[in-house]
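J.:
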Amino acid sequence: MADAPSIIFVDDDPNVLSGLRRRVRAKRPNWRLQFCDNGQEVLNLLKSQHSADVIVSDMRMPIMDGAELFRQVSQLYPEIGRILLSGYADEHANLLGTSATHHFLMKPCDDQSIINAIERALILRSYLRDPYLLGVMSCLPAHYLWPASFRSLQITLYQDGPVSEQSLSHYAMDHRDCVTFIQHYAQREGLIGEHSRPTLHHLFEVLGVESVKALTLLFEIYGNADLETAEKDTDLTRTLIMAEIAARLGRHDKNGFENIDASRAAALLAHVGSKLIEMVLPNQSMSARHIADKNQCDIISAEIDVMGISHAGLSACMAALWSFKHEIIEDIAFHHRPESAPSGRSSTLAVVYAAQHFAREYGHSGRLVKEKYPLSERYLAAVGLGEKWTAWSSIARDTIRLHEIR
339 MADAPSIIFV DDDPNVLSGL RRRVRAKRPN WRLQFCDNGQ EVLNLLKSQH
389 SADVIVSDMR MPIMDGAELF RQVSQLYPEI GRILLSGYAD EHANLLGTSA
439 THHFLMKPCD DQSIINAIER ALILRSYLRD PYLLGVMSCL PAHYLWPASF
489 RSLQITLYQD GPVSEQSLSH YAMDHRDCVT FIQHYAQREG LIGEHSRPTL
539 HHLFEVLGVE SVKALTLLFE IYGNADLETA EKDTDLTRTL IMAEIAARLG
589 RHDKNGFENI DASRAAALLA HVGSKLIEMV LPNQSMSARH IADKNQCDII
639 SAEIDVMGIS HAGLSACMAA LWSFKHEIIE DIAFHHRPES APSGRSSTLA
689 VVYAAQHFAR EYGHSGRLVK EKYPLSERYL AAVGLGEKWT AWSSIARDTI
739 RLHEIR
């Protein structure tokens with residue numbers, strides 16, 4: 339049992355724990371299950387054994403709620419998967435106070451939903467343990483592993499209780515250019531007026547927590563914390579267009595706010611690995627691009643051939659380090675090869691995959707790269723995108739034309 343996945347369940351109701359112990363063990367007898375009735379017991383357990391793959395916690399518990407438990411776990415043991423069970427009617431109202439959570443499940447939820455969430459966390463945990471990926475991460479300077487603006491934002495989000503407007507106002511005063519960059523993106527999507535200067539709190543409300551976190555990271559990594567540099571970077575511009583297409587596709591399909599936030603965030607972070615690889619392995623990165631162009635093959639194959647890793651893998655690994663949700667990590671990891679994703683029929687992954695395809699096809703270099711990235715017709719059929727593809731294509735084309743006119 340030494341190599342068996344280790345799962346910790348946390349709930350102050352002994353009847354809930356007893357039921358989970360009986361039912362989950364019957365369905366997954368190979369898992370090593372542990373049960374705690376409060377957050378402090380979990381922290382003591384981790385301190386003594388330093389071993390757990392996933393924690394599943396109830397939100398409402400006395401003394402230490404699930405959000406506070408995950409805030410502490412994310413700081414002490416960031417590699418552990420964190421799944422929160424919340425009985426609140428409005429999940430979005432609680433997200434600002436639970437930024438350290440990888441995955442939310444609304445109560446009541448069935449056992450299979452919990453098991454599916456745990457299995458996704460285990461697959462991603464295994465995927466992100468690739469020694470080549472970890473090797474590249476170990477070479478990254480600290481200001482890329484934890485950019486200053488992002489680190490400050492995480493500290494703000496991780497404070498006790500829901501984040502207040504006052505806390506975010508203090509952050510915005512200290513990071514004016516970063517907030518302006520986020521405002522400019524919200525204007526791109528038409529979520530705020532062209533000359534509007536909304537508060538950071540309002541930007542969270544219109545974009546979502548994950549998107550604001552992602553934009554903060556891009557401002558540091560692509561723009562070196564300089565507004566003018568960020569807005570002139572062509573790679574960043576393409577990333578913003580891809581994210582905008584993803585969000586517009588989601589709204590067209592009437593997806594929920596959280597799904598649109600997740601799709602946008604995944605699109606924003608999908609290629610951050612390329613930027614980081616260029617910094618750490620510049621010669622190998624250039625060689626991979628040369629091979630992809632020469633052989634007319636996709637960049638993922640060329641990167642793996644040259645370096646043993648791909649930008650998608652590194653992007654996903656970094657997103658896990660930065661505590662993004664599991665579905666976002668999965669969408670990033672498989673945005674080039676969605677048919678390989680463990681969830682199979684993820685609606686957010688389909689949106690990110692489509693947004694990337696359209697950004698290529700209708701971008702300035704679309705005709706040059708389109709042949710290297712043929713559509714996966716089998717995947718499109720499997721997720722039922724065939725009927726809506728024409729409408730999606732039109733939305734993407736109009737989005738790109740809108741910015742060309744500007």
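Read left to right, the sequence shown gives residues 339 to 744 (the working numbering). The beta carbon of each residue, even a glycine, is placed where N, CA and C say it ideally should be.
Taking the CB atoms as reference points, tell me whether MET397 and SER424 lie closer together than 8 Å.
T.: yes
J.: By the three-class DSSP mapping on this structure, what secondary structure does PHE442 have?
T.: strand
J.: Candidates LEU472, ARG463, PRO469, LEU422: which alpha carbon is nearest ILE452's?
T.: LEU422
J.: What do you reckon, are the CB atoms on ILE733 and LEU587 nearer than 8 Å?
T.: yes
J.: Can you look up ARG420 in the DSSP assignment and give me helix, strand or coil?
T.: strand
J.: Buried or exposed for ALA524, please, with buried defined as at least 16 other CB atoms from any protein chain shown within 10 angstroms of its CB.
T.: Around the beta carbon of ALA524, 16 or more other beta carbons sit within 10 angstroms, so the residue counts as buried.
J.: Exposed or buried, what is PRO367 when buried is set at 16 or more other beta-carbons lying within 10 Å of its beta-carbon?
T.: exposed
J.: Going along the chain, which residues of its own chain have a beta-carbon closer than 6 Å to the beta-carbon of LEU740, five neighbours each way excluded?
T.: none
J.: From what residue to what residue does the alpha helix (DSSP H) around LEU462 run?
T.: 449-465
J.: Output the distance between the C-alpha atoms of VAL618 and CYS477, rounded to the nearest integer angstrom.
T.: 7 Å
J.: Answer with buried or exposed for SER464, where buried requires no fewer than 16 other C-beta atoms within 10 angstroms of its C-beta.
T.: Residue burial is scored here from C-beta neighbours: SER464 has fewer than 16 other C-beta atoms within 10 angstroms and is therefore classed as exposed.
J.: Is PHE347 helix, strand or coil by DSSP?
T.: strand
J.: Are there three or more Cβ pairs, one per stretch, closer than 8 Å when the region 665-673 is compared with the region 642-656?
T.: yes
J.: List the endpoints of the continuous beta strand (DSSP E) containing LEU371.
T.: 370-374
J.: Since SER395 sits in a beta bridge, which residues does DSSP pair it with?
T.: VAL348, LEU422
J.: Could you have a look at VAL354 and say whether DSSP puts it in helix, strand or coil?
T.: helix
J.: Assign ILE579 to one of two classes, buried (16 or more other C-beta atoms within 10 Å of its C-beta) or exposed (fewer than that).
T.: Buried, by the Cβ-count rule.
J.: Candidates HIS540, MET475, ILE520, VAL517: which alpha carbon is nearest GLU503's?
T.: HIS540
J.: How about PHE762 and LYS551: are their beta carbons less than 8 Å apart?
T.: Because the chain in this structure spans residues 339 to 744, residue 762 falls outside the shown range and cannot be described.
J.: Just to check my reading of the structure: LEU556 and THR577 have Cβ atoms closer than 8 Å, yes? What is that Cβ distance to the nearest angstrom?
T.: 7 Å
J.: With H, G and I counted as helix, E and B as strand and the rest as coil, what does DSSP make of ARG675?
T.: coil
J.: Since I believe ARG370 is in contact with SER344 (beta carbons under 8 Å), could you give me their beta-carbon distance rounded to a whole number of angstroms?
T.: 5 Å
J.: Given a cut-off of 8 Å on the beta-carbon distance, is the pair GLY611 and ASP468 in contact?
T.: no
J.: For the region 556-576 against the region 669-689, are there 3 or more C-beta pairs whose distance is under 8 Å?
T.: no
J.: Using DSSP with H/G/I as helix, E/B as strand and the rest coil, what is SER714?
T.: For SER714, the secondary structure class from DSSP, reduced to helix, strand or coil, is coil.
J.: What whole-angstrom Cβ distance do ILE346 and VAL380 have, given they're in contact under 8 Å?
T.: 6 Å
J.: In three-state terms, what does DSSP make of HIS513?
T.: coil
J.: Can you give the beta carbon distance from LEU383 to CYS374, rounded, assuming they're within the 8 Å contact cut?
T.: 6 Å
J.: Over the uninterrupted alpha helix (DSSP H) stretch that includes SER290, give me the two end residues.
T.: This structure cannot settle anything about residue 290, because the visible part of the chain is limited to 339 through 744.
J.: Compare the Cα-Cα distances from MET645 to each of TYR470, ILE393, ILE520, LEU529 and report the closest residue.
T.: TYR470
J.: Quick check: VAL690 and ALA604, are their CB atoms within less than 8 Å of each other?
T.: In this structure, ALA604 lies closer than 8 Å to VAL690 by Cβ.
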